[in-house]
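Position one of the sequence shown corresponds to residue 7 (our numbering), numbered consecutively onward. Every residue gets a Cβ at the ideal spot worked out from N, C-alpha and C, and that includes glycine. None of the values given here were measured: they were computed from a predicted structure.
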Amino acid sequence: MTGAVHLHLSGRVAELRLDNPSKLNAFTIEMLSQLAGHLETIDRNPAIACVLLTATEARAFCSGADILAWGNLSPAEFARHWVRDGHRIFDRLARLSKPTIAVLGAHAFGGGLELAAACDLRVMAPKATIALPEAGIGIVPGWSGTQRLGRLIPEPMLKEMALFGRRISSERCLSAGFASEVSDDPRAAADQIAAKVCEMSPRAVEINKAMIHAARGEDPAAMIEALGSAAIAASDDRAEGVAAFRAKRKAEFPGT
């Protein structure tokens, strides 16, 4: 398989760049694996304040999943590995602690649209369109195209793509709130947004994102426990509990 996902750091901004131009940046197994590794690196780097998701191919942000990567898989392999692994990795992107911006300089179809939907914001070029063409080749969206995307756009628009195979323009994406901005230079627009994020309190941004995601149903159990754990980690009770454990004595919690 060909293709790669590159990670570049520039100051406090990380860029994840899709690079499979011969296949319009279609996702391969290797690309999924690389994306997963980069997300882990980003989430553990406190110096990173914002993440941009970009593409090297001018004709398409991402045309979806490479049919040659999954076309010969058995039904069990297709469901257990290709679909579930991709879903898990895209969920990891959606739940990244850093704010994320998808830069759609061109079309985002199938898995490419699901990838963009996992980001916090989407900036689109006027020519960019979105689509879910899976039914045309006898499959269905497998990386949260009917689930997460259903929370982000109106149901009729989703059905237009998934049931009727229609493409949706950048203007309609903007009107529906799926795109935050349509720009002749979407990368420059995304850079401006990222620069503003870098001026914010990283901790406040992270907590804001966690609270919003919990409210909209993006893994609320994990978000609630993460927020609770963050609060208790800063308490005197936690410090006393750890100190008592290390000293092998009974803890005397101050309740603060």
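query	result
Exposure of ASN285, with buried meaning 16 or more beta-carbon neighbours within 10 Å	This structure gives no information on residue 285, because the portion of the chain shown stretches from 7 to 262.
Spatial distance of VAL211 from LYS256 (CA atoms)	38 Å
Within the region 85 to 120, ranges of the alpha helix (DSSP H) (whole runs, at least 4 residues)	90 to 100
ARG154, DSSP secondary structure in three states	helix
Counted within 10 angstroms of its Cβ, other Cβ atoms place ASN214 as buried (16 or more) or exposed	exposed
Collapsed DSSP secondary structure at GLU63 in the structure displayed	coil
Residue nearest to ASP25 in terms of C-alpha spacing, selected from GLY70, ALA55 and ALA53	GLY70
Chain D within 8 Å of GLU21, Cβ atoms only	Going by chain labels, chain D is absent from the structure shown, which holds only one protein chain.
Spatially closest choice to PHE96 from ALA112, ASP126, HIS113 and GLY111, by CA coordinates	ASP126
DSSP three-state assignment for CYS125, whether helix, strand or coil	coil
Spatially closest choice to MET229 from LYS202, ALA114, ALA220 and ALA240, by CA coordinates	ALA220
At least three beta-carbon pairs within less than 8 Å, the region 166 to 182 to the region 29 to 44	no
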